[in-house]
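Numbering (the numbering used here), first residue to last: -10 to 546.
Every residue, glycine too, gets a C-beta built ideally from N, C-alpha and C.
This structure is a prediction, so every number in the text was calculated from the model and none was measured.
Structure first, then comments.
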Amino acid sequence: MVHALWLPTQLCAQSHRCDRSARMPVDPNRETWKPGMSWEDAIAEIAYLKELAAEMGGPERIDRQHQGGRYTVRERIAKMADPGTFIEMGGLMGGPEYDDEGNIIGFTPGGYVMGLAELDGRPVAIGGDDFTISGGSPHNVHKIPHQFAQPLAITYGIPYVQLREGVGHSSRSDEESGQMALPEGDMWWQGVEMLTKVPVAAGIMGSVAGWPAAAALMSHFTVMVKGQSQIFPSGPPVVQRATGETLSKEELGGYRMHVYESGQVDNVAESEEDAFDQIRQFLSYLPNTTSGVAPRVDTGDPPDRRPEELLNIIPTNRRAGYDARALIRHVVDNGEFFEMRRHYAGAIITGFARLDGYSVGVVGSDPMRLAGAMDGDGADKYAHFVDLCDAFNLPMLIFLDMPGFMLGSAAERKATMRRGVRALIASAEASVPKVEFNVRKSYGVAADAPNSIGLPHALNLRFGWPAGEWGGIPIEGGVAAAYRREIDAAPDPEAHREMIEERLLRLRSPFKAAMHGDVVDLIDPRETRRLACTFVKLAQPVLEELARRPNKRAVRP
């Protein structure tokens, strides 16, 4: 800790306009190192400047951060990284002020702390905004992730973790510079390149606006802290001025808006520690690069385990719901399932798990939400997740119970079928192997998206459960459409409709479908895990070959 007096404000060097209110106190009696002085003095100068940088925005602003229930960026990195592994890059970057003798009389640290670290023994590039300095705004010190953190991730092929809490451009900097520059867009190419090459995860740790908000969303995984984090293009003052809406930060961009309603952010965390843990879990399922395959982990769960709970998990009443997430947990290793976007488009379930130690992407249908039907948001969620699995060479485990597209005028207004076709295209373009279990319903074009038979690129298998029923259209709706005139002409239309439905229901037998070759086999549900583990093991050589594919596209958020 540096104990010294604040000196009178003087102009920063022209190339380093800075937030003078965040300027660190310096020792007025200390001579700054100059050429010709000893190397011991130079080493002492390095340590001194790093000590100044570690003061961030000063004790008052650090206290304000803590009073808000938030860690500082340096505390966040220390808590997230393995102890003693963080190597800071650009630690001396900042806005210095000198007197006529060349001695430092003021120093404003750079607003982004970054470097190399390890998470669970795995190297990563990591960085975060220092909100104690200009609210995380760059303040023209020009210390940004493009200089060290992102190039490290791209060049060395390691994940990139960003901990965001800051705002973008400031009108005050326009006034100081004497001009308003035209946005060029050249700052984004590195972020896009990262999305094609390495895992990128973002923790939204507080209020984030402007280009830091866009940078946070340029990730493969995002998580925000409940009641503490907000994200938006511009905050409430700008919104009020532009639209007349008066909103709090939480109303405008809090977790209920973006985790539950917009789906803009993947997950919500109960605390900063929970957010760090979710980022670690996300990364644990992925390889270091899109040119690799996720390493196998010894989970200790036998691949031939027979989950007895699966035998009766599907009700005999075809209209009754069940716990689709419990179904997934019974199959995967140790019941561990890392779900993404759980609170958004809930009829579609997406997340990561392991089978016999191998990482897999999991897709499921939740019959308790929209009866498992695919709506527009669900289609987008599915397509994004398929792209993510394809980019990182993860085989896919699919549990299908989908009665078709969501119907009605609200669904039409949201372009449900067009978005569903996009999901179908994403699935068709994905080269990673898929194994699918039709646990109950599979109807129409909506079910064609996850269906895997017939794709030419890899090993794809489809099994049926005894509860399975499938076709081009659900029986109830199909009867009403195809037999409308016959039903209307009957003496008792309702009884006649029920008679036709009962007649057709006899055709939906999964045994007849299996005899026709619609599935590889009709199985005892308790065999699901063994078959899935066998499939994933067989798929590994295919995945290694796919990992060498050139010219991969960025996974779009």
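Please state whether DSSP places residue i in a helix, a strand or coil.
i       : result
TRP28   : helix
SER123  : helix
HIS(-8) : Any answer about HIS(-8) is weak, because its pLDDT of 33 lies below 50 and its placement is not dependable; what the coordinates show is given next. If DSSP states are grouped into helix, strand and coil, HIS(-8) belongs with coil.
GLU475  : helix
TYR244  : helix
THR279  : coil
ARG537  : coil
GLY199  : helix
ARG111  : strand
SER273  : helix
ALA362  : coil
ASN323  : helix
VAL286  : coil
SER4    : Confidence at SER4 is low in this model, with a pLDDT of 38, below 50, so the placement of that residue should be treated as unreliable; the coordinate-derived value is given next. Three-state DSSP puts SER4 in a helix.
ILE303  : coil
PRO439  : coil
SER251  : coil
ALA525  : This sequence places Val at residue 525; Ala is not what is there. VAL525: helix per DSSP, three-state reduction.
Under 7 Å between the Cβ atoms of residue i and residue j?
i      : j      : result
ALA536 : SER273 : no
VAL531 : ARG451 : no
MET395 : SER354 : no
GLY195 : ALA264 : no
LEU105 : ILE76  : yes
ALA36  : PRO98  : no
ALA415 : ALA362 : no
PRO384 : PRO356 : no
LYS238 : PRO226 : no
PRO482 : ILE476 : yes
ARG408 : ASP369 : yes
MET103 : GLY84  : no
ARG515 : LEU184 : no
Ignore the nearest five residues each way along the sequence and tell me which others in residue i's own chain have a CB closer than 6 Å to its CB.
i      : result
GLN3   : Here GLN3 scores only 36 on pLDDT, less than 50, and its place in the model should not be relied on; the value that follows carries that caveat. Result list for GLN3: empty, nothing under 6 Å.
TYR333 : GLY252
PRO148 : VAL113, VAL187, PRO188, LEU272
ARG285 : GLY346, TYR347
TRP459 : SER431
ALA436 : MET391
ASP290 : ASP322, ASN323
GLY443 : Low local confidence applies: a pLDDT of 45 at GLY443 is under 50, so the model's placement there is unreliable, and no value is given.
Would you give the residue range spanned by the alpha helix (DSSP H) that residue i belongs to?
i      : result
SER416 : 405 to 418
ARG314 : 313 to 320
ILE51  : 48 to 56
THR232 : 225 to 232
MET183 : 178 to 186
MET504 : 499 to 504
SER398 : 398 to 402
ILE133 : No alpha helix (DSSP H) holds ILE133; DSSP gives it neither H nor E.
Of the choices the options, whose alpha-carbon is the least far from that of residue i?
i      : options                        : result
GLN56  : TRP454, ILE94, VAL212, THR121  : THR121
GLN219 : PRO276, ALA198, ARG295, TRP28  : ALA198
TYR244 : THR232, VAL257, PRO17          : VAL257
LYS39  : LEU81, ALA400, VAL349, GLY460  : LEU81
GLY155 : ALA204, ALA380, TYR87, GLY340  : ALA204
LEU389 : GLU490, GLY310, VAL352         : VAL352
PRO547 : ARG53, ASP89, ALA190, GLU107   : Nothing in the structure corresponds to residue 547, since the chain is present only between -10 and 546.
TRP22  : TRP177, ASN92, PHE327, ASP52   : ASN92
ASP513 : TYR145, GLY58, PRO296          : PRO296
ILE462 : PRO455, ARG497, VAL150, ALA479 : ARG497
VAL282 : ALA315, ARG314, GLY350         : GLY350
Go to residue i, then tell me how far its beta strand (DSSP E) extends in each direction, as first and last residue.
i      : result
LEU386 : 385 to 391
MET488 : Per DSSP, MET488 belongs to no beta strand (DSSP E); it is in the alpha helix (DSSP H), 482 to 494.
VAL424 : 423 to 432
VAL544 : First-last for VAL544: undefined, no H or E at that position.
TYR149 : 149 to 153
THR61  : Taken as a continuous stretch (DSSP letters only), THR61 belongs to no beta strand (DSSP E), as it is neither H nor E.
ILE94  : 93 to 98
ILE193 : 189 to 193
ALA258 : 256 to 258
So, for residue i: in the same chain, excluding its five sequence neighbours on each side, which residues have a beta-carbon less than 7 Å away from its beta-carbon?
i       : result
LEU0    : Confidence at LEU0 is low in this model, with a pLDDT of 33, below 50, so its placement is unreliable and no value can be given for it.
ALA380  : THR279, LYS541, VAL544
PRO(-3) : At PRO(-3), the pLDDT of 30 sits below 50, so the modelled position is not reliable; the number obtained from the coordinates is stated separately. The answer is none, since no qualifying residue turns up.
VAL375  : ALA415, SER416, ALA419
PRO445  : Residue confidence is low: PRO445 scores 49 on pLDDT, short of 50, so the model does not pin down where it sits. No coordinate-derived value is stated.
VAL214  : MET194, ALA258, SER260, GLU261, ALA264
ASP118  : VAL62, GLY100, TYR101, GLY125, ARG153, GLU154, GLY155, PRO201
Can we count residue i as close to the ligand FAD, meaning its CB is less than 6 Å from some heavy atom?
i      : result
ALA204 : Within the structure as shown, the ligand FAD is missing, as the structure has no ligands at all.
Residues in its own chain within less than 8 Å of residue i by CB, not counting five upstream and five downstream?
i      : result
LEU413 : VAL434, ASP437, ALA438
VAL181 : MET207, ALA543
GLN54  : TYR60, THR61, PHE120, THR121
HIS247 : MET213, ILE220, GLN253, VAL254
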